[in-house]
Amino acid sequence: MTLTESLLAALEPHNVPLERFRDIVGRMYAAGIMVRDEDGVEQRLYDDMRRIEAVLAEYFSLAGFTLAHDARNAFFRLYAPGAEIPGVAGDESEAVPGLRARLSADFVAAALALRFQYQQGLADAGGRLTDTGEVLVRFEELAATLQTQLKRPLPAGAVERQRLLNDLKRHRLIQLGPMFSMEDEEALLAIRPTILGIISDDMLARALDAEETMLDAANDEEGSTQ
136 MTLTESLLAA LEPHNVPLER FRDIVGRMYA AGIMVRDEDG VEQRLYDDMR
186 RIEAVLAEYF SLAGFTLAHD ARNAFFRLYA PGAEIPGVAG DESEAVPGLR
236 ARLSADFVAA ALALRFQYQQ GLADAGGRLT DTGEVLVRFE ELAATLQTQL
286 KRPLPAGAVE RQRLLNDLKR HRLIQLGPMF SMEDEEALLA IRPTILGIIS
336 DDMLARALDA EETMLDAAND EEGSTQ
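Per our numbering: the sequence shown = residues 136 to 361.
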């Protein structure tokens, strides 16, 4: 029996065609994450992923990747070989630099600041925590956290700041309302629980440690395919 025949046999009981499997695998290798509440397309793909989770996990593991599923917050994340995975014992595989996301220092800093703000929101257990597990913060709070906790300012230009927000949104770390504006001091952005899938408590603690530079922490911050 060929590998394709074995795969078809594994998919058949779940009524998932090979074309759908290919769509899922391609999207996970390209984006590294699948979030159910992102849009209708991802909702359907996520639901199919749940049905064939064991098949996908074995398939990815053959290439040294780890498929992690946060059922509570309804998202899958794919980690490259050697990645540091929050809540999981260290992977002994050698890291593959070419598979790591090429992230800017500004992106890493912002992600760490968002993780800090998310933890604060959970601890406060106040009105900032939504029913879907998101934490609402003002843009200025993100800037203040970067400056006070990580000693790093936001990018100076408006274009660079918008590009940073777009990257954070593309990586499914934040959501912005249709009327969001950086100039509006009261405008809120939503930090998604997916932030927990890339930055663990240990990663955040190391980044906040004065003896370790933020770029040192960046080496471990993101080990997914994107």
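Even for Gly, the Cβ is constructed at its ideal location relative to N, Cα and C.
As the structure is a computational prediction, the values presented were derived from the model and not from experiment.
Contact between L213 and V272 does not hold, since their C-beta atoms are separated by about 27 Å, which reaches or exceeds 8 Å. As the crow flies, the alpha-carbon of P288 is around 19 Å from that of D319.
Rounded to the nearest whole angstrom, the C-alpha separation of H306 and F195 is 20 Å.
The Cβ atoms of E177 and R171 sit closer than 9 Å to each other.
Around Q282, the same chain offers P288 as residues with beta carbons nearer than 7 Å, after the five sequence neighbours per side are excluded. For R155, the uninterrupted alpha helix (DSSP H) run begins and ends at 153 to 166, by DSSP. Put simply, of L264, R263, L197, L299 the residue whose alpha carbon is nearest the alpha carbon of D241 is L299.
CA-to-CA, the gap between I168 and A215 works out to about 12 Å. Minimum Cα-Cα distance from T139 among the listed residues H149, G292, F156 corresponds to F156. Pairwise C-beta distances place the segment 250 to 267 out of contact with the segment 288 to 297, as fewer than three of them are shorter than 8 Å. Under the criterion of beta carbons closer than 8 Å, L331 and P221 qualify as touching, at roughly 6 Å. In the structure shown, M184 adopts helical secondary structure according to DSSP, grouped into three states.
DSSP assignment within the segment 301 to 337 yields the following whole beta strand (DSSP E) runs of 3 residues or more, N-terminal first: 309 to 311, 323 to 326. The Cβ neighbour count for Q252, taken over all protein chains shown within 10 Å, is at least 16; the residue is labelled buried. Counting only runs of 4+ residues, the alpha helix (DSSP H) found wholly inside the segment 238 to 303 occupies 240 to 259, 274 to 284, in chain order.
In the DSSP assignment, T201 falls within the beta strand (DSSP E) that extends over 201 to 205.
Of the candidates N301, Q310, A245, A245 places its Cα closest to the Cα of T280. The secondary-structure analysis by DSSP pairs V170 across a beta bridge with F210. Between E276 and R327, the C-beta gap is not smaller than 9 Å, which leaves the two residues out of contact. Non-local beta-carbon contacts of Y181 in its own chain, meaning distances under 8 Å to residues more than five positions away in sequence, involve M169, V170, R171, A209, F210, F211 in chain order.
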